[in-house]
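These notes are about the structure you will find just below.
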Amino acid sequence: MSIEANATDIFAPAGSRPGAGRLLQPGNNVWRLERAHRAAVLIDAAAYFAALRQVLQRAQHSIYVIGWDIDSRTPLVGADGETHDDLPKTLGPFLSALVERNPELSIKLLLWDYSPLYSLEREKMPALTLQWTTPPQIELCLDKMVPIGASHHQKIVVVDDTVAFVGGLDLTVRRWDTQDHAPMDALRVDPAGSIYPPFHDVQMIVDGDAAGALGDLARKRWKRVTQERLPPLQPEEAGDPWPSSLRPHFRNATIGIARTQPHYGSEPEVREIERLFHDMVGAAERHLYIENQFLTCQAVAESLIARMRARPALEVLIVCPAGYYSWLEQQIMLSGRIRFMEGLRQAGLGDRVRLVHPHVERDGEAADVKVHSKLMIVDDRILRVGSANLCNRSIGLDTECDLVLEAADEAERQQIRCIRDTLLAEHCGAGLEEVQAALAAHDGSLFAALDRLANRAHRLQPIDDNIKSVELMAPISLVADPERPIGAEDYMPALDGDQPGQSRLATILKIGLMILIVVGLVLAWHYTPLAEMVSLDRLTESFARAAESNWALPVVLGIYALGGLVAFPVTLLIAATAAAFGTWPGLLFAAAGAVFSALVTYLVGRKLGANLLRQFMGPRIHRVARRVKDHGVLAVTMLRVMPTAPFTIVNLVAGATKIRISDYLLGTLLGLAPGILMLSALGGRLLEILHAPSLGDVLLIVGFLLGWLALSYGLQRLISRWRKAPG
């Protein structure tokens, strides 16, 4: 629900808002400062989904959804689990009903083209459910325009450029919950019907110019990946989709928008969120209230130590999840949190920082509440809600977006206090008035108030992390939670020559780091759940049976063609072919299969045509099509050597844009040659390496990778000279 208790509407005109923007500086710690006629904080997904459902139904022209994850099965319902309208309950059918009711409505869904590590947590083939089975006014685009290892982590919804939501909540499953966080809530179920643990998060809603600015951000993201320009709405076109049941906390407020954007291609690095973290910590006087999923950024820990030493009365309360659920989070992020807190304790500040997690007990059941929110409140002066975690990834690697409000008068300070106290009340199983009374009774001390409200069924419990060999995970943390992008463009010189100012030694060192990453992935096949995600054994067995028959070549060609039609990874097929057939037969069969698959999907793309293909593959086709059509052999070769789109998409686009078939096949053969040669050279050793890697196997993989890099680099240099040649 929204926070309404003790809420005071603020009607102060813009000109009477003294001191607005003292901390927030556009171009430094925020991107833009914009006016919001109304703004409110929504606690937990039931409140967010209910408000969003109302806003979406009032959309007249456009809806932009930007997410780390989007799931068509997401229930858009409030605290009682009901829709209170005649439209479908879940996101996909609900959006379809909206455009059927209003054919002029355009819906753009921009989803991170996620890592295979997350595939088991996601809806299978989201393009199938949100692109192929919905009306044409709904377009889904998978966005992979980030460096290797990075993600698009922003969570933004913009409606008609007039109302926007930003926070930690994606429109996906296993997020819905109420502030009650009952251990066993029959309404809190996933698509399989299983009850999942309590889940806490926070979202912010704004309107006015602030929403328009977020619309600009969404359009830039869309154009970056699709090369399609979406026009902004004119003010006279927009209505007022603000939900009628939601009372704003702030009126005529100045909202700062802060971003993280990694360097990628020609796009510059943006680190506003990092500077905002440091500036907010540096502004704290008495209270710093933090809710965050991760806590690993040592630079922020150092800022916190400096501020606490300068302000002896400063209390820091950090609400985090009790633990982490995936193997990667448990090994990397938990060790980073331990180092973060250990630094504070070694500085002698352990008694002034409390790391806690919400815990609920009811009817004989108990559960820890999963904290997913990204919120920071400085005293009663600065409120921040967004997608950025307190980890290295969020300040330099992933794309992020936060909203921040700096109180300009006493009325806004009262609202910020009310929001903080409402969150404390939720976590402590208390009423808002109880929290406010406890704070007043102890001269505003957060810690004393928490002690007074302790030992309830719903409470905040101390976190005592204790795992062994934390430092052993530090090298892996450099890859899993890096401070800056680890991108392919950093390891290979630019296509047109070496990058200015980049030494050969730096390049060699970066290539070495890339080798370590790949070696780590090889070991992961044996020691982590990654081995269960894709079965190379089954593919190899299929090819081995084919090798024993007289129909080996037709069977291989058929498997590759079928794989191309269903967008199966061609590299995995090549690896399985090499493992089953050995070196030279594997090389010939893999080359024939890959080229045949490319030809089949090329012909399919030519038959479908560009317009129909867009309906199937989404608007990202524009970027791939432009490169393929403009540069022929060069473009196809480059897309194969260092792909910017999946194998099947490149094939379909090449056919749809009617590139000459001779250019296409030559480019495909040249581009795939390095990978086919190296994988075939490993031959039957490949399966043994993946299942029981020894030191010699690791060295073999290193040699394989160096050879692949050398061949790819040489091919790129050759293409570069060809491009520069006259005529």
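Under this note's numbering, the first residue of the sequence shown carries the number 698, and numbering increases by one thereafter.
Backbone N, C-alpha and C define an ideal beta-carbon position, used for all residues, glycine too.
Alpha-carbon spacing of residue i relative to residue j, whole angstroms
i: A736; j: L1087; result: 24 Å
i: L930; j: G912; result: 9 Å
i: A907; j: A733; result: 5 Å
i: A1063; j: P895; result: 10 Å
i: T1237; j: T993; result: 41 Å
i: L1014; j: A742; result: 23 Å
i: S891; j: A1249; result: 45 Å
i: D887; j: T787; result: 12 Å
i: Q995; j: T1280; result: 48 Å
i: A1105; j: G905; result: 18 Å
i: E1058; j: Y893; result: 15 Å
i: G1128; j: Q1158; result: 18 Å
i: T1268; j: L837; result: 26 Å
i: T1298; j: L1369; result: 16 Å
i: L914; j: A1138; result: 45 Å
i: R754; j: L795; result: Note on identity: in this sequence residue 754 is Gln, with Arg being the wrong assignment. Spanning the two alpha carbons is a distance of roughly 7 Å.
i: P1197; j: S963; result: Any reading at P1197 must be qualified, since the residue scores a pLDDT of 39, below 50, and its modelled position is unreliable; the value itself is stated next. Distance between the alpha carbons of P1197 and S963: 14 Å.
i: Y1257; j: P965; result: 39 Å
i: E1131; j: A1122; result: 8 Å
i: N989; j: S942; result: 28 Å
i: H1124; j: K1067; result: 12 Å
i: E1109; j: F947; result: 7 Å
i: L884; j: I1373; result: 51 Å
i: A1289; j: L1254; result: 7 Å
i: N949; j: L720; result: 18 Å
DSSP bridge partner residues for residue i (one or two, in chain order)
i: T923; result: The partner list for T923 (beta bridge, DSSP) is empty, contrary to what the question assumes.
i: H1054; result: Q1158
i: C1088; result: Answer is none; C1088 lacks a bridge partner.
i: W1433; result: In the structure as shown, the chain starts at 698 and stops at 1424, and residue 1433 therefore has no counterpart that could be examined.
i: G1083; result: D1099
i: G764; result: L808
i: P772; result: T787
i: E797; result: Looking at the DSSP assignment, E797 forms no beta bridge with any residue, so it has no partner.
i: V855; result: Y761 and A861
i: M881; result: M881 pairs with nothing; no bridge assigned.
i: T957; result: R968 and E1097
i: R755; result: Note: R755 sits in no beta bridge, so no partner.
i: R1059; result: E1062
i: V1068; result: H897
i: P723; result: V727
i: I835; result: I804
Residue range of the alpha helix (DSSP H) that includes residue i
i: E1107; result: E1107 to C1125
i: Q1133; result: L1129 to A1138
i: A862; result: Per the sequence presented here, residue 862 reads as Phe, with Ala not at that position. From DSSP, F862 is part of no alpha helix (DSSP H) but of the beta strand (DSSP E) over V860 to G864.
i: E1039; result: L1031 to Q1043
i: R732; result: First-last for R732: R729 to I740, but that is the beta strand (DSSP E), not the alpha helix (DSSP H).
i: V1297; result: T1280 to L1305
i: R1149; result: L1143 to R1149
i: G1261; result: A1249 to L1262
Nearest-angstrom Cβ-Cβ length linking residue i and residue j, presumed shorter than 8 Å
i: R968; j: G1093; result: 6 Å
i: I987; j: A1085; result: That pair is no contact at about 12 Å.
i: I1079; j: V1101; result: 7 Å
i: L861; j: V903; result: Just to set this straight, residue 861 is Ala in the shown sequence, not Leu. Right, their Cβ atoms sit about 6 Å apart.
i: H849; j: T1096; result: 5 Å
i: R1051; j: A1010; result: In fact, because the Cβ distance is near 15 Å, the residues do not count as touching under 8 Å.
i: L749; j: V854; result: 6 Å
i: R972; j: N725; result: 6 Å
i: K852; j: D810; result: 16 Å between Cβ atoms; not a contact.
i: L802; j: Q834; result: 6 Å
i: D1076; j: A981; result: 6 Å
i: L806; j: V843; result: Their Cβ separation, rounded to whole angstroms, is 17 Å, which puts L806 and V843 out of contact at 8 Å.
i: L1349; j: V1292; result: Wrong, their Cβ atoms sit about 16 Å apart, outside the cutoff.
Within-8 Å CB hit, residue i to chain C
i: R972; result: As a matter of chain content, chain C is missing from the structure shown, which is built from one protein chain.
Limits of the beta strand (DSSP E) - the one that residue i falls within
i: D1065; result: E1062 to D1065
i: V1075; result: L1072 to V1075
Residue i CB to nearest heavy atom of the ligand HEM below 7 Å
i: I767; result: The ligand HEM is not part of this structure, which contains no ligands at all.
Segments of 3+ residues assigned as beta strand (DSSP E) that fall wholly inside the region 885-953 = 899-904
Every unbroken beta strand (DSSP E) inside the region 966-1027 [3 residues or more] = 984-988 and 1012-1016
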